[in-house]
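The sequence shown runs 14 to 414 under our numbering. From the three backbone atoms N, C-alpha and C, an ideal C-beta is built for every residue, glycine too. Here the structure is a predicted model, which is why all the values come from computation and not from measurement.
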Amino acid sequence: MLTDSTYTKEIQRVNALKSYSILDTQPEKDFDDIAELASQICQVPISAITLMDKDRQWFKSKVGFETNEIPREEAFCNHLMNTEATKIEVQNMHKDNNFNTNPYVAGEPKIAFYAGVLLIDPDGYTLGSLCVYDLEPKKLTDFQLNALEKLANQVIQLLELRKKNAQLEENNASLMSKYNELEQFARVVSHDIKSPLNNIISLTNLFQEEYGNQIDEAGNEYLEYISKSSLELKNFVDAILIYYKSDTINTSEKEKIDWKVLFSKTISILDPKNEYEITYPSFESVELYSNKMAMEQIISNLLSNSIKYNDKEKIKIQIELEETSSEIRLAIKDNGIGIAKEDCEKVFSFFTTLGKKDRFDNVGTGIGLSTVQKMVHKLDGRIELESEIGEGSTFTLYFKK
14 MLTDSTYTKE IQRVNALKSY SILDTQPEKD FDDIAELASQ ICQVPISAIT LMDKDRQWFK
74 SKVGFETNEI PREEAFCNHL MNTEATKIEV QNMHKDNNFN TNPYVAGEPK IAFYAGVLLI
134 DPDGYTLGSL CVYDLEPKKL TDFQLNALEK LANQVIQLLE LRKKNAQLEE NNASLMSKYN
194 ELEQFARVVS HDIKSPLNNI ISLTNLFQEE YGNQIDEAGN EYLEYISKSS LELKNFVDAI
254 LIYYKSDTIN TSEKEKIDWK VLFSKTISIL DPKNEYEITY PSFESVELYS NKMAMEQIIS
314 NLLSNSIKYN DKEKIKIQIE LEETSSEIRL AIKDNGIGIA KEDCEKVFSF FTTLGKKDRF
374 DNVGTGIGLS TVQKMVHKLD GRIELESEIG EGSTFTLYFK K
């Protein structure tokens with residue numbers, strides 16, 4: 014009869030085994046190959062990778078027989094697990110009192126030789142054993158015994174890898190579920206929040222146009238506050254959507270970046286009246302294969318910031334692009350308001366703003382640069398910032414070739 018302590022340890026051992034989710038699974042080549050190697054190295058006709066469940070011994074892989082499981086009390090490995098040893102070699106089972114009455118020794122198939130090494134997980138729990146058998150008495154060489162131990166270690170490594178892969182699949186499934194929830198959230202935000210906001214903005218503007226001359230100055234100021242606050246909230250919602258939608262971009266889809274098209278398209282959108290001085294060199298010789306959509310979002314955001322956070326009469330932005338032996342360096346330099354050195358790291362944090370208004374009298378959302386940084390990292394790149402108050406900022410991006 015098991016003591017309370019032994020019973021508890023056995024429960025923990027079985028739970029450890031079940032954490033691998035391997036019992037009653039289909040054959041797998043990696044495990045079958047190890048069983049085959051054990052048979053060949055030890056020069057025996059029978060071998061097995063066994064796992065000891067609560068009441069049975071189940072065979073994950075086997076050579077030389079067809080049985081999938083046997084009762085635990087009939088398992089040779091059960092005897093080994095009840096000793097202090099981690100391996101065993103019984104050269105003649107018919108002369109060993111621990112095994113000579115076992116039905117697989119006394120009866121068919123009359124096994125005469127058995128050697129086994131316990132499978133012990135990293136937490137010290139015995140999961141089963143790697144065994145070899147013969148129908149004739151036998152003695153393994155030191156080389157064969159050492160090889161059997163190394164193969165048993167490989168079984169544990171396979172089990173650990175299998176568990177980690179299963180955990181990754183579970184995590185991926187969880188992430189996919191969260192992603193689906195996020196998509197639903199984005200749809201709700203887009204329709205149920207943005208639509209009323211657009212209505213508020215439109216109706217406020219319409220009210221000002223038609224009735225602005227019928228209300229006093231204070232009333233018009235209130236309407237202006239409503240319109241401005243609604244626009245700020247709309248910009249905030251748009252920024253959140255862009256941030257989360259950046260996760261949906263498949264950065265593994267790559268194509269050759271046409272820098273001239275990319276910059277001319279982005280600049281024409283941000284500077285349709287050609288008000289700003291934006292210069293960039295010829296990029297034909299710089300080749301980069303990356304995700305076009307992500308790159309457009311990054312460039313658009315950085316150029317937009319250079320325009321918005323600029324207090325100079327003439328906005329100047331200089332774009333640099335060069336190729337090194339291992340990287341592509343892209344720099345966007347402006348003559349804007351600049352950022353204090355102690356704040357250069359903060360600006361990449363989600364929801365972090367420095368409380369400064371842009372040239373259009375708007376306060377930032379604290380989302381744009383965190384979106385840029387996240388997308389740059391997804392493209393296997395990095396971003397650096399150098400800035401000085403009143404002198405401007407330089408954002409430098411590095412991408413592996």
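Measure how close the beta-carbons of residue 409 and residue 397 come, nearest whole angstrom, since I'm counting them as under 8 Å.
That pair is a contact at about 5 Å.
Assign residue 66 to one of three DSSP states: helix, strand, or coil.
coil
Leaving aside the five residues before and after residue 329 along the sequence, list all residues of the same chain whose C-beta is less than 6 Å from its C-beta, in chain order.
290, 348
From residue 337 to residue 394, what does the alpha carbon distance come to, in whole angstroms?
Rounded to whole angstroms, residue 337 to residue 394 spans 14 Å at the Cα level.
Does the Cβ-Cβ distance between residue 140 and residue 29 come in under 9 Å?
yes
Leaving out five residues before and five after residue 280 in sequence, what residues of the same chain have Cβ atoms less than 8 Å from its Cβ?
291, 316
Do residue 88 and residue 75 have their C-beta atoms closer together than 9 Å?
no
Could you check which residue in 357, 392, 372 has the C-alpha nearest to that of residue 382?
357
Return the bridge partner residues of residue 77 from the DSSP annotation.
DSSP output for residue 77 lists no bridge partner at all.
Pop quiz: residue 312 and residue 254 are said to be a contact at Cβ under 8 Å. What is the actual Cβ separation, rounded to whole angstroms?
Not confirmed; about 19 Å, so no contact.
So, for residue 308: in the same chain, excluding its five sequence neighbours on each side, which residues have a beta-carbon less than 8 Å away from its beta-carbon?
270, 275, 392
Give me the residue from 302, 342, 369, 230 with the minimum Cα distance to residue 322.
369
Near residue 33, what residues of its chain come up, given a Cβ to Cβ distance below 6 Å and the 5 sequence neighbours on each side ignored?
Short of 6 Å from the beta carbon of residue 33, and not among the five residues preceding or following it, lie these beta carbons of its own chain, in chain order: 172, 176.
If we require 4 or more residues per run, which alpha helix (DSSP H) segments fall completely within the stretch 177 to 223?
For the stretch 177 to 223, not a single whole alpha helix (DSSP H) run of length 4 or above is found.
When the Cα atoms are used, what is the spatial distance from residue 230 to residue 216?
19 Å
What do you get for residue 351, buried or exposed, if any count of 16 or more other CB atoms within 10 angstroms of its CB means buried?
buried
Mapping DSSP to helix, strand and coil, what is residue 119?
helix
Among 242, 326, 402, 333, which one has its Cα closest to the Cα of residue 355?
402
Taking residue 279 as part of the alpha helix (DSSP H), name the residues at either end of that continuous run.
272 to 283
With three or more C-beta pairs closer than 8 Å as the rule, is the stretch 177 to 195 touching the stretch 151 to 167?
no
Rounding to the nearest angstrom, what Cα-Cα distance links residue 386 and residue 361 in this structure?
7 Å
Just to confirm my understanding: we take residue 78, look at its own chain, exclude 5 residues before and 5 after, and list those with CB closer than 7 Å. What are they?
59
Is residue 55 near the ligand ADP, with its Cβ less than 8 Å from a heavy atom?
Looking for the ligand ADP in the displayed structure turns up nothing, as the structure carries no ligands at all.
Less than 9 Å separating the beta-carbons of residue 341 and residue 331?
No, these two residues do not count as a Cβ contact at 9 Å.
Quick check on this structure: which residue in 68, 107, 37 has the alpha carbon closest to the alpha carbon of residue 24?
68
Mark residue 263 as exposed unless 16 or more other C-beta atoms lie within 10 angstroms of its C-beta, in which case mark it buried.
exposed
Sorted by chain position, which residues of the same chain lie with C-beta nearer than 7 Å to residue 51's C-beta, five sequence neighbours on each side aside?
60, 143, 145, 161, 164
According to the neighbour-count rule (16 or more other Cβ atoms, all chains shown, within 10 Å of its Cβ), is residue 48 buried or exposed?
Result: buried.
Got a sec? Which residues, its chain only, sit under 8 Å from residue 214 by beta carbon, not counting five neighbours each side?
240, 243, 244, 247
What residue range does the alpha helix (DSSP H) around residue 144 cover?
Residue 144 -> not in any alpha helix (DSSP H); beta strand (DSSP E) instead, spanning 139 to 147.
In terms of residues, what are the limits of the beta strand (DSSP E) holding residue 345?
340 to 347
Have a look at residue 343 and residue 182 and give me their C-alpha separation to the nearest angstrom.
36 Å
Among the residues of its own chain, which have a CB less than 6 Å from the CB of residue 43, if the five just before and after it don't count?
171
State the Cα-Cα distance for the pair residue 40 and residue 121, rounded to the nearest angstrom.
25 Å
When you compare each of 35, 81, 206, 193 to residue 178 by their alpha carbons, which one comes out closest?
35
How is residue 395 classed by DSSP in three states: helix, strand or coil?
strand
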